[in-house]
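Per the UniProt record's numbering, residue 1 is the first one in the sequence shown, and the count goes up by one each step.
All C-beta atoms in this analysis are idealised placements derived from N, C-alpha and C, irrespective of residue type, glycine included.
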Amino acid sequence: MLGPEAWQAVLLSLKVASWATLVSLPFGILTAHALARWRFPGRQVLNGLVHLPLVLPPVVTGYILLLTMGPQGPIGAPLERIGLVFAFRWTGAALAAGIMGFPLMVRAIRLSIEAVDLRLEQASATLGARPMWIFATVTLPMALPGIVAGAILAFAKAMGEFGATITFVSNIPGQTQTMPSAIYAFLQVPDGEGAAARLVVISVFIAMGALLLSEVIGRRIARRVAGG
């Protein structure tokens with residue numbers, strides 16, 4: 001059985017991953033659409049920045065967040081004055097997890113948008129539809145399987161994020177200690193292997209469940225879109 005501290009870590013991980021996914025999803029859709037459809041100066045720079053968390057060590061990402069979003073950071077200090085605090089809070093864990101999962105989300109959504117037939121969008125444009133209306137009524141519904149898949153992949157990534165999170169918000173039980181941080185903490189104390197192993201099983205179960213759910217939902221939506 002898991003103790004109270006371990007259950008706190010599980011529930012906090014679910015909370016962090018859910019908020020990270022929900023908040024980042026609109027930005028992910030906009031970014032993916034821009035990379036898939038727009039041509040503008042700096043497009044490749046934006047593409048590189050989006051995928052940078054995938055190639056940087058997670059600790060580096062967390063350190064950059066600490067420098068910029070911390071109490072003395074150029075972004076964190078003004079936000080703290082209006083009550084938005086990220087460093088050493090669960091909100092910071094959600095921010096770090098969202099950034100680490102963002103490339104996976106954008107990649108899945110971008111591929112889905114690129115698969116939408118441009119002729120459908122062009123036909124809507126010839127009928128007088130505005131770009132935003134075309135995006136909302138043609139592109140978005142057709143790309144929905146990729147959007148769902150991207151969101152679930154980002155959620156799974158957020159559930160397992162460790163390096164950036166522990167660097168940015170530390171490992172405070174009940175406040176910032178997510179499942180990966182709790183596993184690490186249990187492995188540092190005598191007789192903690194059992195609790196760590198149980199958390200590992202839960203982590204694997206949640207990750208596999210998210211991946212399977214992504215496949216099932218994506219296929220169902222794809223069939224409905226094709227049928228419509």
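Next item on the list: Would you decide whether arginine 130 is buried or exposed? Buried here means 16 or more other CB atoms lie within 10 Å of its CB.
Entry: The count along the sequence shown starts at 1 and reaches residue 130 at position 130. With fewer than 16 Cβ atoms within 10 Å of its Cβ, arginine 130 is classed as exposed.
Notebook entry, point to check: Quick one: what does DSSP say serine 170 is sitting in, helix, strand or coil?
Noted result: The count along the sequence shown starts at 1 and reaches residue 170 at position 170. Three-state DSSP puts serine 170 in coil, outside helix and strand.
Item checked: Under the three-state DSSP convention, the category arginine 89 falls into -> If you number the sequence shown from 1, residue 89 lands on position 89. Correct three-state label for arginine 89: coil.
Check: By how many angstroms is the C-alpha of alanine 185 removed from the C-alpha of isoleucine 109?
Finding: On the sequence shown, residue 109 is found 109 positions in, with the first residue counted as 1. On the sequence shown, residue 185 is found 185 positions in, with the first residue counted as 1. So the alpha carbons of these two residues sit roughly 35 Å apart.
Note to self: Restricting to runs no shorter than 3 residues, where is the beta strand (DSSP E) found entirely within the stretch 149-210?
What the structure shows: none
Margin query: Can you find the residues in the same chain that come closer than 8 Å, C-beta to C-beta, to alanine 199, ignoring five residues on each side of it along the sequence?
Written below: As a first step, residue 199 is located in the sequence shown; it is residue number 199 there, counting from the start. Note that residue 199 is leucine in the sequence shown here, rather than alanine. Result list for leucine 199: Leu2, Ala6, Ala9, Val10, Met179, Ala182, Ile183 and Phe186, in chain order.
Check: CA-CA distance, glutamine 177 and glutamine 122?
Finding: As a first step, residue 177 is located in the sequence shown; it is residue number 177 there, counting from the start. As a first step, residue 122 is located in the sequence shown; it is residue number 122 there, counting from the start. Between glutamine 177 and glutamine 122, the C-alpha separation is close to 49 Å.
Next item on the list: Count the CB pairs spanning the stretch 52-63 and the stretch 135-147 that are closer than 8 Å, and state whether there are at least three.
Entry: no
Item checked: Euclidean distance between Cα positions of alanine 93 and glutamate 193 -> For the purposes of this step, residue 93 is taken as the residue at position 93 of the sequence shown. For the purposes of this step, residue 193 is taken as the residue at position 193 of the sequence shown. When rounded, the distance between both Cα atoms is 25 Å.
Check: Out of curiosity, what's the CA-to-CA distance linking arginine 81 and isoleucine 75?
Finding: The residue given as residue 81 occupies position 81 in the sequence shown. The residue given as residue 75 occupies position 75 in the sequence shown. Looking at the two C-alpha atoms, the distance is approximately 11 Å.
Notebook entry, point to check: What residue from Ile152, Thr31 and Ile221 has the CA that sits closest to leucine 14's CA?
Noted result: Position 14 of the sequence shown holds residue 14. Out of Ile152, Thr31 and Ile221, Ile152 has the C-alpha closest to the C-alpha of leucine 14.
Checklist line | For tryptophan 7, the first and last residue of its enclosing alpha helix (DSSP H) | finding: Numbered from its first residue, the sequence shown carries residue 7 at position 7. Tryptophan 7: member of the alpha helix (DSSP H) spanning 4-37, first to last residue.
Next item on the list: Within the stretch 89-121, note down every full alpha helix (DSSP H) run reaching 4 residues or more, in order along the chain.
Entry: Segments of the alpha helix (DSSP H) lying fully in the stretch 89-121: 90-114.
Next item on the list: Buried or exposed for methionine 208, please, with buried defined as at least 16 other CB atoms from any protein chain shown within 10 angstroms of its CB.
Entry: On the sequence shown, residue 208 is found 208 positions in, with the first residue counted as 1. That one is exposed.
Notebook entry, point to check: For residue 229 versus phenylalanine 86, is the C-beta distance shorter than 8 Å?
Noted result: The structure shown does not extend to residue 229, since the chain is modelled only from 1 through 228, so no value can be given for it.
Notebook entry, point to check: So, are the CB atoms of phenylalanine 155 and alanine 210 less than 8 Å apart?
Noted result: As a first step, residue 155 is located in the sequence shown; it is residue number 155 there, counting from the start. As a first step, residue 210 is located in the sequence shown; it is residue number 210 there, counting from the start. Yes. Within cutoff.
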